[in-house]
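Remarks on the structure that follows.
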Amino acid sequence: MKTMTCKQLGGACEMQFQAENFEEMAELSKKHGTEMFLKGDEPHLKAMENMKSMMQSPEAMQNWFNSKREEFNALPED
1167 MKTMTCKQLG GACEMQFQAE NFEEMAELSK KHGTEMFLKG DEPHLKAMEN MKSMMQSPEA
1227 MQNWFNSKRE EFNALPED
């Protein structure tokens, strides 16, 4: 089990997520992002705008995703 924060995953807060693998971590982050979007949380909405602009380039998005996967893999087990 490893821990990352919303902010480490491109978000806007220090909420912690714990997961066994990066795919699970990404899913937890996505769920949290959806919840914050529905609440209209301004800091998260700004973070989402940044992600949206990155998504315009599939290569940039893939590079970002790979760097986050590497960051996850380098973390110590909890």
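Count along the sequence shown from 1, add 1166, and you get the number used in our numbering.
We put the CB at the ideal spot given by N, CA and C, even for glycine.
Everything numeric in this text was worked out from a predicted model, so none of it was measured.
Whole-angstrom Cβ separation of M1220 and A1226, contact assumed at under 8 Å?
5 Å
Can you give the beta carbon distance from M1217 to G1176, rounded, assuming they're within the 8 Å contact cut?
Correct: roughly 6 Å between the Cβ atoms.
What are the partner residues of Q1184, as DSSP defines its beta bridges?
According to DSSP, which records beta bridges pairwise, Q1184 is partnered with T1169.
For S1233, count neighbouring C-beta atoms within 10 Å of its own C-beta (all shown protein chains included) and say buried if the count is 16 or more, exposed if not.
exposed
Looking only at its chain, what residues have a beta carbon closer than 7 Å to the beta carbon of M1181, apart from the 5 residues adjacent to it on each side?
Excluding residues within five positions, the ones whose Cβ falls inside 7 Å are T1171, C1172, H1198.
Using C-beta distances below 6 Å, list every residue in its chain close to Q1184, excluding the 5 sequence neighbours before and after it, in chain order.
M1167, T1169
Please report the straight-line C-alpha distance between D1244 and E1186, rounded to a whole angstrom.
10 Å
What's the gap between the Cα of S1223 and the Cα of F1231?
12 Å
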